[in-house]
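Trainee: Using numbering that gives the first Met the number 0, you'd call the opening residue of the sequence shown number 0 and step up by one each time. We put the CB at the ideal spot given by N, CA and C, even for glycine.
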Amino acid sequence: MNETVPDEAFAALQENLGYVLQASALMCVIAPDSAHGETLVQDALQHAQAEAIVVPATTAGTLPALLTALYDKLTAAAPRPRRAAQLQDEIEEELTRRPRPAVVVHSAHLLRHDALYYLYRLWDLFQELEPRLPVVLVGPERLETVLDRPALASLKSCVYVWHRLTTS
0 MNETVPDEAF AALQENLGYV LQASALMCVI APDSAHGETL VQDALQHAQA EAIVVPATTA
60 GTLPALLTAL YDKLTAAAPR PRRAAQLQDE IEEELTRRPR PAVVVHSAHL LRHDALYYLY
120 RLWDLFQELE PRLPVVLVGP ERLETVLDRP ALASLKSCVY VWHRLTTS
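1) Take the Cβ of N1 as the centre, count every other Cβ of all protein chains shown within 10 Å, and call the residue buried at 16 or more, exposed below.
2) With DSSP run on the structure shown, which of helix, strand or coil describes R163?
3) Grab the span of the alpha helix (DSSP H) containing G17 for me, first residue to last.
4) Determine the direct distance from the alpha carbon of T166 to that of V123, and round the result to whole angstroms.
5) Buried or exposed for Q126, going by 16 or more other Cβ atoms inside 10 Å?
6) Taking the beta strand (DSSP E) that G138 falls in, what are its first and last residues?
7) With a threshold of 16 other CB atoms inside 10 Å of the CB of H162, please say whether the residue is buried or exposed.
8) Closest to L128 by CA distance: which of S156, P98, P80, L164 is it?
9) Can you tell me whether A64 is helix, strand or coil according to DSSP?
10) Assuming H112 contacts A56 (C-beta within less than 8 Å), just tell me the rounded distance between them.
11) Taking the straight line between their C-alpha atoms, what separation do you get for E89 and L16?
12) Could you spell out the range, first to last residue, of the beta strand (DSSP E) harbouring H105?
13) On a Cα-Cα basis, can you pick out the residue from E7, S23, H35 that is closest to L121?
14) Could you tell me the alpha carbon to alpha carbon distance between E50 and A101, rounded to whole angstroms?
15) With DSSP collapsed to three states, give me the class of L110.
16) Assuming P133 and P31 are in contact, meaning their beta carbons sit under 8 Å apart, how far apart are those beta carbons, in whole angstroms?
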């Protein structure tokens, strides 16, 4: 089933993303699979002239898989560092060099606790730096349930905007 998102719903998404970009905040976009939420978020960010660093969550959803995906999106350097700490340092350095980055994670509900917590820590780290880093988690209704875990209370409490996409 391929449903479309009404123009008003897309305009509301653009408006909320504008707030998130201005505040360099965390955002969760809840979208039915048929709405193609990831594509809509990318389109809205492009209109806002922000650089979307789009990371697809793998079915494994592990921290190493997330770090690899982020690193691969940010740099073409090879070979990739083997140590997670070095990989994280290089990701952070590359994000710092970008003028208006925004990390967008597709299917964020598939990420494991440690990967979601890393995104929270990355966002938190950048709150002290310029440029700051907005992070947008996109997924179905289940994303909210995943973030209800007690271990992710810090992340959930910092979500600035919860946006629900509606289809026609």
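Mentor: In brief:
1) Confidence at N1 is low in this model, with a pLDDT of 39, below 50, so its placement is unreliable and the value that follows should be read with caution. Under this definition N1 is an exposed residue.
2) strand
3) 6-22
4) With the sequence shown as reference, residue 123 is identified as Asp, and Val is not the correct amino acid for it. Between D123 and T166, the C-alpha separation is close to 33 Å.
5) exposed
6) 134-138
7) buried
8) P98
9) helix
10) Actually they are not in contact, since the Cβ atoms of H112 and A56 sit about 13 Å apart, beyond 8 Å.
11) 27 Å
12) 100-105
13) S23
14) 6 Å
15) coil
16) Going by Cβ atoms, the distance from P133 to P31 rounds to 23 Å, so no, they are not a contact pair.
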